[in-house]
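Shown next, in C-alpha cells, is the structure this report addresses.
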Amino acid sequence: MNRPSLTRFAWLTIAAALLTMALKTAAYLITGSIGLLSDAAESLVNLVGGIMALAMLTIAERPADEDHAYGHTKAEYFSSGLEGGLILIAALSIAVAAVRRLIVPKLLEEIGVGLAITVAAALVNLVVAVWLLGVGRRRRSITLEASAHHLLTDVWTSAGVIVGVGIVALTDWRWLDPVVALLVAANIVWAGAGIVRRSIAGLMDVSLPAEEMAAVRRVLQNYEQTGVQFHALRSRQAGARKFISTHVLVPGDWTVQRGHALLDQIEADVRRALPDAAVFTHLESLDDPASWDDETFEHPDQPMKQEKRRA
C-alpha cells in the first residue's frame, strides 16, 4: 500500500508545540497562575509526543521487508500509546502543583496580558488540531488522530484556564485557580486513557470496526446468492492497514481456474469496499466435510469442534 508521507504533519505538531509552549510559559511567568503553568506543561507533552510521532511515522512508512512481511505500520501504536501515557503523567504533575497552590494561594499579576497570550496559543492549537484530525481520518493514521485529540484536549484545557483565571481576576477567589487546574487534570486523564486503550487494542490485533465488517459481509452476501458459501471471516488492523481473510466454499466439481477467478473477483470487490485492505482468501470444496473444520476459534491445545455439513 502506497500513501503520501505523513511525517510533515508530525513536524507541524512539533512546531505548534514549540510555539504554544513558549507563549504559555511567558503567560505563566507574567501572571504566576498555576492554571497557566498546567497549560504550559501540557504543551511540553505535546512536544515530546510530536517527536515520538515523527519517529514512529518514519518507521511505519518503511516498505515491507524479509523480516516484516506485513510492513511496519504497527509502529504507529507505539507513538499513540506513549502520547497517551505522557498525557496521564502531565495530568498527575498538574494535580500535584494545583494541590500545593490550593494549600498556599498566591496573588496573580498582569492577568489581562497573560490571558491574551494564552488565547493566542489556544487558537494555534485549535487550527493545527482540526487540520491533523481531518488528515488522520482520511489517511487512517492513529498517530495523527492521537496528536489531534491531544491538541484539542489542550484547547479545552486553555479554555478552562482562561475562564478560571478570568473569574479570579474579577472576584479575587484565589482558590479557584488551582481548582481549575485540578479540573483540567481530570479532563486530561480521560483523554489520555482513551488514547492508551485504543493503542493497546491495535497491538492486540483487534477486529475492524463493526461498520467496516458489515461492508465486507454485504460483498460476500452478493456471492452467497449464487450458491457460494463463506466462513472463518476474520480481520485485524495494523495502523493504516487492514487485513481480512475468509474461506470461500464452492462446488467440488469446479476447476481450479474457475475457483481462482472467483477469488480474484471477491478480493477486488472487498478492496473496493475497503480501499486500504489486504484481502486473503482460501478456496475449499462444499462437498468435503473437512472444509468446515475452521469455523470456530479454538485453543491450539484443544481439539477443534467440527461441524460437518454439506451444501
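Note that the sequence shown covers residues 942 to 1252 in my numbering.
Glycine included, every Cβ here is placed at the ideal spot set by N, Cα and C.
Quick caveat, the model's predicted, so the values are computed rather than measured.
- Taken through DSSP and simplified to helix, strand or coil, L985 comes out as helix.
- For secondary structure counted as the beta strand (DSSP E) over 3 or more consecutive residues, the region 1140–1189 holds these complete runs in sequence order: 1170–1179.
- Look at A1005 here: in three-state DSSP terms it is coil, with no helix or strand label.
- T1222: not part of any alpha helix (DSSP H); member of the beta strand (DSSP E) spanning 1218–1226, first to last residue.
- Pairing H1201 with E1165, the inter-Cα distance amounts to about 17 Å.
- Within the same chain, Cβ atoms closer than 7 Å to the Cβ of L1123 are found at A1036, A1039, the five residues on either side in sequence being excluded.
- Per DSSP, the continuous alpha helix (DSSP H) segment holding D1205 begins and ends at 1197–1214.
- In the DSSP annotation of this structure, A1231 is not part of any alpha helix (DSSP H), being labelled neither H nor E.
- The beta-bridge partner set that DSSP reports for V1191 consists of S1226.
- In this structure, DSSP gives G973 a state outside helix and strand, which the three-state scheme calls coil.
- DSSP places W1116 outside both helix and strand once states are collapsed to three, so it counts as coil.
- Within a 10 Å sphere around the beta-carbon of N1163 sit fewer than 16 other beta-carbons, which makes this residue exposed.
- Across the structure, G1026 and N1128 are spaced so that their CA atoms are roughly 14 Å apart.
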